[in-house]
């Protein structure tokens, strides 16, 4: 693999190789000295055209744990404000001899565009409303840790699937396994995934029934002003995850959320902070998964 | 000395006179002078073009092109755009008004006409803006632009979103009889959409443009034109629903005509996969159903015209994030080849094709063209129907190399045109 731009376009073999490598790195992260020399001498640039705290921090720490040299490039300090094209920005950065570009951008398809035009490995850290591959991988890794398998599960994904790159990458990832994917939310936020085996629910009570995994998505208030739903109050009442609704899932169901949380909107605090919630484990696992991705790409894209 | 040209032994097709037979076309003093039975006799006093095995038709007329001048000369100029037109077999093109400044005054119209006379390779007919600055608010001086040479009016590139303004425009147009050409798009429904709404947009994470964005304004403008008793021409029909709405309107006698473009009957939204900005066009490429309906619409006469919506852009502008890249396809040099596929498929006859690409636009715009009748302006295209070629944007004469059809094999190529009596061998361009 040269790049990781999309889960939809990679093989199950690639997914499993990343997940098993992540398990080794997770072991490393439990050691006293958490740094390995795996990518010493390699340079990685974090190219973030959209504000991000957690994903960027996670990538940066993963890169440092692998002993890479890290460059951070974010919009307000960049040439982009001077009217430079994206491609020129990328080429300029590439000229420093960068081995890997981690990119987040508000336009879908930008990682593909850069991967096509760059020798460096490209890692998609979230593109528009398209994909967020490392999030899906860390979600899968977290589920695997808790459930020992990715097959035979009922996975309920609840919320704004339409605009969620997290949901989309997860749908593509789990379509490689014999698990049931249920999408739950108001109709305008639940698009049809043609060619993918998913089922669609407007009622959270119906959709969550018997779920092994309950994956909540962040609701952005911007969607409300554009008329996808009337108010956060109504959304919380009809599609928010609370203790009562969670009881409809399996007893040992786990609750996930990519963060940042809107407490009281898509998820109540008592659920988010409950023993069933693995939200903080997801964050920890994100580090191991991103180390695995960077390591495998670095190994495969030896110049 | 008479200025005489004979195009011999070609298959002459002229739907205006129901002619489809091998004969000789005689041109004298820039006018069609006669169509006579093919004869082997050489006429020593005339220049003779041997068109054996070729189709000879009235020059094609593109009623929908963006020539970009003034204001966007890095994309196209009247000089380069009309050369591209000639190469595509067009002897007349209509220039849409979304230039900078917008063609919303007689001054800009006059500039375009003068520039075309000086630097153009074919006839250019400006289309003026319906509203000042194409802002959709106040009517532009359509009467004076008409006097200056505009042949129709449109805010193409955007709709007149305010229905009352459009109603007033229709009412006003009746004083002159010109058609309003409607770019049918509800901007609220389009919102930030960049491709057809549907499963491919979902899989690419791109915002969709629903069919209803086009169809609601097609319906609205039909109602407004009907109420006013005015003439409406629907630009670039891309959906099955639009075809059905227009068909019903024609059935009840509304003065509506319609065009589609080759890309809408050739390819689908799948062309966008891989974030191919050369397949980004507005209205967007749709689905197989829509293609079938558009072909049916062309066959049954619901769609009167094939126009190019030639929208050249600079390569740098297409080499951007998909969201940011401008919409448009450089279409003048592929339109005939793509349309000839419809003849191959049996959707249209050669005569139908000639009607859609020449006679119908001439009639809609009131031009004395699109015919080989005696005395008509000598605009002719000679087509080699068997010549195969691969689309290569490098060879485009248009400055816009933005085509999704790169590498596609097409059959049937214009070999020569006669523009106002002047013979131009396209193969030498």
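Protein chains in written order, with our numbering: chain H, 1 to 303; chain X, 1 to 429. Where is the CB? At the ideal position from N, CA and C, for every residue including glycine.
- Message: Am I right that residue 421/X and residue 378/X are in contact with their C-beta atoms under 8 Å? What's the rounded C-beta distance?
- Response: Numbered from 1 along the second chain, position 421 holds the residue referred to as residue 421/X. Numbered from 1 along the second chain, position 378 holds the residue referred to as residue 378/X. For residue 421/X against residue 378/X, the beta-carbon gap comes to about 4 Å, under 8 Å, which counts as contact.
- Mind listing the chain X neighbours of residue 112/H? Cutoff is C-beta to C-beta under 8 Å, in chain order. By 1-based counting over the first chain, the position of residue 112/H is 112. Chain X residues near residue 112/H: 274, 275.
- Task: Identify whether residue 353/X lies in helix, strand or coil by the three-state DSSP scheme.
- Result: Within the second chain, numbered from 1, the residue matching residue 353/X stands at position 353. Three-state DSSP puts residue 353/X in a helix.
- Item | Same chain only: Cβ atoms within 6 Å of residue 371/X, ignoring 5 sequence neighbours per side | For the purposes of this step, residue 371/X is taken as the residue at position 371 of the second chain. Cβ neighbours of residue 371/X beyond the five flanking positions: 16, 58.
- Task: Count the C-beta pairs between the region 96 to 103 of chain X and the region 65 to 83 of chain X that are closer than 8 Å, then say yes if the count reaches three, no if not.
- Result: yes
- Query: Count the other CB atoms within 10 Å of the CB of residue 107/X; is the residue buried (16 or more) or exposed (fewer)?
  - Reply: For the purposes of this step, residue 107/X is identified with residue 107 of the second chain, where counting begins at 1. Around the CB of residue 107/X, fewer than 16 other CB atoms lie within 10 Å, so the residue is classed as exposed.
- Message: Please identify, using Cβ separations under 9 Å, the residues of the region 82 to 95 of chain H that lie next to chain X, in order along the chain.
- Response: 85, 86, 87
- Message: Run through chain X and tell me which residues come within less than 7 Å of residue 168/H, C-beta to C-beta.
- Response: Translated into positions along the first chain, residue 168/H becomes position 168. Under a criterion of Cβ atoms nearer than 7 Å, the residues of chain X adjacent to residue 168/H are, in order, 205.
- So with Cβ pairs under 9 Å, would you call residue 289/X a contact of chain H? Counted from its first residue, the second chain places residue 289/X at position 289. It does not: the Cβ of residue 289/X has no partner Cβ on chain H nearer than 9 Å.
- Task: Starting from residue 186/X, find everything on chain H with Cβ-Cβ shorter than 7 Å and list it in chain order.
- Result: Reading the second chain from its first residue, position 186 is the one you call residue 186/X. In chain order: nothing, as chain H lies at least about 15 Å away.
- For the alpha helix (DSSP H) that residue 212/X lies in, which residues bound it at each end? Indexing the second chain from 1 puts residue 212/X at position 212. Looking at the DSSP string, the run of the alpha helix (DSSP H) that includes residue 212/X is 211 to 228.
- Task: Within the region 324 to 387 of chain X, note down every full beta strand (DSSP E) run reaching 3 residues or more, in order along the chain.
- Result: If one requires a minimum length of 3 residues, no beta strand (DSSP E) run lies completely within the region 324 to 387 of chain X.
- Query: Which class does residue 4/X belong to by DSSP, given the choice of helix, strand or coil?
  - Reply: Position 4 of the second chain, counted from the start, is the residue given in the question as residue 4/X. Of the three classes helix, strand and coil, the one that applies to residue 4/X here is strand, per DSSP.
- Message: Using a Cβ distance threshold of 8 Å, determine whether the region 257 to 267 of chain X contacts the region 88 to 102 of chain H, with at least three qualifying pairs required.
- Response: A contact is defined here as three or more CB-CB pairs under 8 Å, and the region 257 to 267 of chain X fails this definition with respect to the region 88 to 102 of chain H.
- Neighbouring residues, chain X, relative to residue 349/H (Cβ below 8 Å): In the structure as shown, chain H starts at 1 and stops at 303, and residue 349/H therefore has no counterpart that could be examined.
- Message: Strictly by DSSP, which residues pair up with residue 417/X?
- Response: For the purposes of this step, residue 417/X is taken as residue 417 along the second chain, with counting starting at 1. DSSP output for residue 417/X lists 381/X, 424/X as bridge partner(s).
- Item | Residue span of the beta strand (DSSP E) that contains residue 196/H, given as start and end | Residue numbering aside, residue 196/H sits at position 196 when the first chain is read from its first letter. That residue, residue 196/H, is in no beta strand (DSSP E); it is neither H nor E in DSSP.
- Would you list the residues sitting across from residue 208/X in a DSSP beta bridge? The residue given as residue 208/X occupies position 208 in the second chain. In DSSP, residue 208/X forms a bridge with 195/X.
- Query: What residues match up with residue 105/H in a beta bridge as DSSP calls it?
  - Reply: As a position in the first chain, residue 105/H is number 105, starting the count at 1. DSSP, once it has assigned bridges, lists 127/H as partnering residue 105/H.
- Query: Within this structure, are the beta carbons of residue 32/X and residue 376/X separated by less than 9 Å?
  - Reply: Here residue 32/X refers to the residue found at position 32 of the second chain. Here residue 376/X refers to the residue found at position 376 of the second chain. In contact: residue 32/X and residue 376/X (Cβ atoms closer than 9 Å).
- Query: To the nearest angstrom, how far is it from the Cα of residue 110/X to the Cα of residue 117/X?
  - Reply: Against the second chain, residue 110/X aligns to sequence position 110. Against the second chain, residue 117/X aligns to sequence position 117. Approximately 11 Å, taken between the alpha carbons.
- Look up residue 411/X in the DSSP assignment and say whether it is helix, strand or coil. Within the second chain, residue 411/X is the residue found at index 411, counting from 1. Under the three-state reduction of DSSP, residue 411/X is assigned to strand.
- Message: Taking DSSP's pairing of strands, which residues face residue 10/X in a bridge?
- Response: For the purposes of this step, residue 10/X is identified with residue 10 of the second chain, where counting begins at 1. Paired residue(s): 23/X.
- When the Cα of residue 122/X is compared with those of 60/X, 409/X, 185/X, 29/X, which residue comes out closest? Stepping through the second chain from its first residue, residue 122/X is reached at position 122. Here the closest residue by C-alpha is 60/X.
- Using 9 Å as the limit for Cβ to Cβ distance, is residue 300/H near chain X? As a position in the first chain, residue 300/H is number 300, starting the count at 1. No, because no Cβ of chain X sits closer than 9 Å to the Cβ of residue 300/H.
- Query: What residues in the region 111 to 141 of chain H have a beta carbon less than 9 Å from any beta carbon of chain X?
  - Reply: 112, 113, 116, 117, 127, 128, 129, 130, 131
- Can you give, in chain order, each stretch of the beta strand (DSSP E) that sits fully within the region 58 to 100 of chain X and has at least 3 residues? Complete beta strand (DSSP E) runs here, min 3: 60 to 65, 90 to 95.
- Message: Strictly below 7 Å CB to CB, what residues from chain H border residue 406/X?
- Response: Numbered from its first residue, the second chain carries residue 406/X at position 406. What residue 406/X touches in chain H: nothing, since even the nearest Cβ is about 15 Å away.
- What are the residues that DSSP puts in a beta bridge with residue 122/X? As a working note, residue 122/X is residue 122 in the second chain. Residue 122/X pairs with nothing; no bridge assigned.
- Residue of 89/X, 408/X, 24/X, 46/X minimising C-alpha distance to residue 271/X: Residue 271/X sits at position 271 when you count from the first residue of the second chain. Nearest of 89/X, 408/X, 24/X, 46/X to residue 271/X, Cα basis: 408/X.
- Item | Run of the beta strand (DSSP E) containing residue 43/H, from where it starts to where it stops | Reading the first chain from its first residue, position 43 is the one you call residue 43/H. That run of the beta strand (DSSP E) goes 43 to 48.
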